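As they're listed, the protein sequences go chains A and B.
Per my numbering: the first sequence ends with 427, consecutive numbering throughout.
Per my numbering: the second sequence ends with 427, consecutive numbering throughout.
The structure under discussion appears below in the form of structure tokens.
2 protein chains.
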Amino acid sequence: MGTAQLTAVPEPKYWHLRTVLLRAIDSEFTTGQVIPNERELSARFGVARATLRQALDQLELEGRLVRRRGIGTLVAAPRVGVPVSRREEGEAWQVVDCATAPASERLAGALGVAPGEAVHTVRRVRVEQGQTVATESLYLAAALLEQVPEIRLSGAPVAEGEELGRAVLRRLERLTVDGESRAVELGVAEAEEAALLQRPPGTPVLVVTTQYAAGGRLAALAVSTYRADTCRLTFGETGLVEVTPVSAVRTAS
Amino acid sequence: MGTAQLTAVPEPKYWHLRTVLLRAIDSEFTTGQVIPNERELSARFGVARATLRQALDQLELEGRLVRRRGIGTLVAAPRVGVPVSRREEGEAWQVVDCATAPASERLAGALGVAPGEAVHTVRRVRVEQGQTVATESLYLAAALLEQVPEIRLSGAPVAEGEELGRAVLRRLERLTVDGESRAVELGVAEAEEAALLQRPPGTPVLVVTTQYAAGGRLAALAVSTYRADTCRLTFGETGLVEVTPVSAVRTAS
Numbered sequence: 175m176g177t178a179q180l181t182a183v184p185e186p187k188y189w190h191l192r193t194v195l196l197r198a199i200d201s202e203f204t205t206g207q208v209i210p211n212e213r214e215l216s217a218r219f220g221v222a223r224a225t226l227r228q229a230l231d232q233l234e235l236e237g238r239l240v241r242r243r244g245i246g247t248l249v250a251a252p253r254v255g256v257p258v259s260r261r262e263e264g265e266a267w268q269v270v271d272c273a274t275a276p277a278s279e280r281l282a283g284a285l286g287v288a289p290g291e292a293v294h295t296v297r298r299v300r301v302e303q304g305q306t307v308a309t310e311s312l313y314l315a316a317a318l319l320e321q322v323p324e325i326r327l328s329g330a331p332v333a334e335g336e337e338l339g340r341a342v343l344r345r346l347e348r349l350t351v352d353g354e355s356r357a358v359e360l361g362v363a364e365a366e367e368a369a370l371l372q373r374p375p376g377t378p379v380l381v382v383t384t385q386y387a388a389g390g391r392l393a394a395l396a397v398s399t400y401r402a403d404t405c406r407l408t409f410g411e412t413g414l415v416e417v418t419p420v421s422a423v424r425t426a427s
Numbered sequence: 175m176g177t178a179q180l181t182a183v184p185e186p187k188y189w190h191l192r193t194v195l196l197r198a199i200d201s202e203f204t205t206g207q208v209i210p211n212e213r214e215l216s217a218r219f220g221v222a223r224a225t226l227r228q229a230l231d232q233l234e235l236e237g238r239l240v241r242r243r244g245i246g247t248l249v250a251a252p253r254v255g256v257p258v259s260r261r262e263e264g265e266a267w268q269v270v271d272c273a274t275a276p277a278s279e280r281l282a283g284a285l286g287v288a289p290g291e292a293v294h295t296v297r298r299v300r301v302e303q304g305q306t307v308a309t310e311s312l313y314l315a316a317a318l319l320e321q322v323p324e325i326r327l328s329g330a331p332v333a334e335g336e337e338l339g340r341a342v343l344r345r346l347e348r349l350t351v352d353g354e355s356r357a358v359e360l361g362v363a364e365a366e367e368a369a370l371l372q373r374p375p376g377t378p379v380l381v382v383t384t385q386y387a388a389g390g391r392l393a394a395l396a397v398s399t400y401r402a403d404t405c406r407l408t409f410g411e412t413g414l415v416e417v418t419p420v421s422a423v424r425t426a427s
């Protein structure tokens, strides 16, 4: 680390094959088309099945191929551009449930409350074009919400689950949120997130952590996990047309 | 796709091991410490070496472990928060070179110019805490720059490489950029990028595509690739302290 070492690392065999396959996919196949099976491909490119599988795994990770049980390997549709900002997300999120529990030491530290203080956790999923693309846990100190004028819940004296979740979000909207800070990093879907995303545990995800600030302090914290194979997160302010998919540019020069 | 199927996918063996290892790392080791070797670990956890290696690869991908030749496997430092926005990036980028060439059909389409039109490509690297964390290609139509008042280049009649790159960027700064749109997605380092990042080809990267708009049209396009193992991209507007690293929250509840 630190000292420059500009010699190129040698290219692994599977990586070379991945690049060759990518070129073949771009020139010979269209979205949704089934590509030849592993036996045919390893014969065509003269490579071992293990190397081929590694290259196919890689292209699946990159969102270029998708495997369907009983069908085969298909050319994936381009990634979906998913706007990330409170204003743009609109009705994309659906509340799954909400729980209220004492904050663990770590969560308390992150939220800036005392350990053991009651925290609401609202879980939501985001659906785009009929597919669940993200899941989110939003954490909010219960004490903070109590300062917000009550919104009448239709009839129910004690709200639970989905209903409580929606009530918490409605109240969060009434807090004057001054700003949002976000961090994006690579993560992997833990078991529960994976189940909601209908993917195996360990699936790469883009993890977006959002801090909502109100009155100069942290009001709520949301951790959202987006499927990295199918999503492109967009952050816009130009009002221009959609940001060009990277695949169109990176292989362009 | 589309229809909900909420049954959890069974947890692979390596994934279970990864979670067990992560707990052990968090409780028994500190940043920079060398963990036991593969032989010792596979004995301790009673697993095959292949499964262990898969779990270690996974934790390396997640930026929790780092392998050093001749030393062993170390507990990685927390990811570096890297601010992404023109204002905050400051002096973090260093120009590597600049080339001027006719635009390919794809690049022309992305930039909104005619194929074959001259385009400057400025390549930069971003260094944080002594480590190269990102590489970038910034594309800009040569014709657009000619509308900007000339900035005198110190003595050189024809600028090349680094010098031309810096001149192009200085002129870009003089264009009135109305806004920036960004997209973030998961990618993999191609051979050339990998060499600049001192990582093997195929290393996961966060690819940020930035469109710079001026006068209601696209002025420049930048494709930046950040090391996904060591970087957390931050987008801030609250002025609050740094966004909480996700690892502190995701395992908190």
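Ideal Cβ placement from N, Cα and C applies to all residues, glycine included.
Owing to the predicted nature of the structure, the values given are computational and were not obtained by experimental measurement.
#1: Would a check of beta-carbon distances place D403 (chain B) closer than 9 Å to chain A?
#2: On the three-state DSSP scale, how would you describe R340 (chain B)?
#3: Residues in the same chain with beta-carbon distance under 8 Å from G206 (chain A), minus the five sequence neighbours each way, listed in chain order, please.
#4: Relative to the ligand GTP, is the shortest distance from any of its heavy atoms to the C-beta of L191 (chain B) smaller than 8 Å?
#5: Since W189 (chain A) and G361 (chain B) are thought to touch, with beta carbons under 8 Å apart, how far apart are those beta carbons, to the nearest angstrom?
#6: Which first and last residues belong to the alpha helix (DSSP H) in which V287 (chain B) is found?
#7: At a Cβ threshold of 9 Å, is T408 (chain A) touching chain B?
#8: Tell me the rounded alpha-carbon separation between R192 (chain B) and A365 (chain A).
#9: Nearest-angstrom Cα distance between A282 (chain A) and T383 (chain A)?
#10: Nearest-angstrom Cα distance between R345 (chain B) and Q305 (chain B)?
#11: Take V296 (chain B) as the anchor and find which of B:G339, B:S398, B:P276 has the nearest alpha-carbon.
#12: Please determine if the stretch 199 to 218 of chain A and the stretch 383 to 399 of chain B are in contact, where contact requires at least 3 C-beta pairs separated by less than 8 Å.
#13: What does a CB cutoff of less than 6 Å around R406 (chain A) pick up in its chain, not counting 5 residues either side in sequence?
#14: For T404 (chain B), which of B:W267, B:A316, B:V301, B:L395 has the nearest alpha-carbon?
#15: State buried or exposed for I209 (chain B), treating a residue as buried only when at least 16 other CB atoms are found within 10 Å of its CB.
#16: Counting only runs of 4+ residues fully inside the stretch 339 to 409 of chain A, write out the alpha helix (DSSP H) ranges in chain order.
#17: Could you tell me the distance, in whole angstroms, from the CA atom of A229 (chain A) to the CA atom of R241 (chain A)?
#18: Counting along the chain, where does the alpha helix (DSSP H) carrying R227 (chain B) start and finish?
#19: With DSSP as the reference, please indicate the residues paired to T295 (chain B) in a beta bridge.
#20: Evaluate T274 (chain B) with the Cβ neighbour count: other Cβ atoms within 10 Å of its Cβ, from every protein chain shown; 16 or more gives buried, anything less gives exposed.
#21: Does DSSP put A266 (chain A) in a helix, in a strand, or in coil?
#22: Taking 7 Å as the limit between beta carbons, can you name the residues of its chain near A394 (chain B), skipping five residues before and five after?
#23: Do the CB positions of V342 (chain B) and L319 (chain B) come within less than 9 Å of each other?
#24: What's the call for A368 (chain B), buried or exposed, on a 16-neighbour Cβ count within 10 Å?
#25: Please report whether the beta-carbon of L380 (chain B) lies at a distance below 9 Å from any beta-carbon of chain A.
#26: Is there a C-beta anywhere in chain A that falls below 9 Å from the one on V362 (chain B)?
#27: On the premise that R391 (chain B) lies in contact with G290 (chain B), defined as a C-beta separation below 8 Å, what is that separation, rounded to the nearest angstrom?
#28: Going by beta-carbon coordinates alone, are P257 (chain A) and F409 (chain A) separated by less than 9 Å?
#29: In the DSSP assignment, find the unbroken alpha helix (DSSP H) run with T193 (chain B) in it and report its ends.
#30: Taking only the alpha-carbon atoms, compute the straight-line gap between A357 (chain B) and K187 (chain A) and give it to the nearest angstrom.
Short version:
#1: Under the Cβ distance rule, D403 (chain B) counts among the residues neighbouring chain A, one pair being separated by less than 9 Å.
#2: Taken through DSSP and simplified to helix, strand or coil, R340 (chain B) comes out as helix.
#3: These residues qualify, in order along the chain: L248, V249, A251.
#4: Inclusion of the ligand GTP in the displayed structure is not the case, the ligand content being empty and no account of it being possible.
#5: At roughly 14 Å, the Cβ-Cβ gap does not stay under 8 Å, so W189 (chain A) and G361 (chain B) are not in contact.
#6: Annotation for V287 (chain B): no alpha helix (DSSP H) segment contains it, and DSSP assigns it neither H nor E.
#7: Using a Cβ-Cβ cut-off of 9 Å, T408 (chain A) counts as an interface residue toward chain B, since at least one Cβ of chain B sits closer than that to its own.
#8: Straight-line spacing of the CA atoms in R192 (chain B) and A365 (chain A) works out to 12 Å.
#9: Between A282 (chain A) and T383 (chain A), the C-alpha separation is close to 16 Å.
#10: When rounded, the distance between both Cα atoms is 28 Å.
#11: When only C-alpha atoms are compared, the closest one is B:G339.
#12: Between the stretch 199 to 218 of chain A and the stretch 383 to 399 of chain B, the count of Cβ pairs shorter than 8 Å is below three; the stretches do not touch.
#13: These residues qualify, in order along the chain: R253, G255.
#14: Selected option, being the one with the closest Cα: B:V301.
#15: Classification of I209 (chain B): buried, given that the 10 Å Cβ count is 16 or more.
#16: Taking only runs of at least 4 residues, the alpha helix (DSSP H) segments lying wholly in the stretch 339 to 409 of chain A are 365 to 371.
#17: Per the coordinates, the alpha-carbon of A229 (chain A) lies some 13 Å from the alpha-carbon of R241 (chain A).
#18: Per DSSP, R227 (chain B) belongs to the alpha helix (DSSP H) from 223 to 235.
#19: Partner(s): B:A273, B:Y313.
#20: Result: exposed.
#21: Looking at A266 (chain A) - three-state DSSP - the assignment turns out to be helix.
#22: Around A394 (chain B): L312, Y313, L314, L346, Y386.
#23: Remark: C-beta atoms of V342 (chain B) and L319 (chain B) approach each other more closely than 9 Å.
#24: With 16 or more Cβ atoms within 10 Å of its Cβ, A368 (chain B) is classed as buried.
#25: Using beta-carbon distances, L380 (chain B) counts as an interface residue toward chain A, with a partner under 9 Å.
#26: Taking Cβ atoms only, chain A reaches closer than 9 Å to V362 (chain B), which makes this a yes.
#27: Not quite, the Cβ-Cβ distance comes to about 19 Å (not below 8 Å), so this is no contact.
#28: Contact flag set, yes.
#29: Secondary structure note for T193 (chain B): its alpha helix (DSSP H) is the uninterrupted segment 187 to 202.
#30: About 31 Å.
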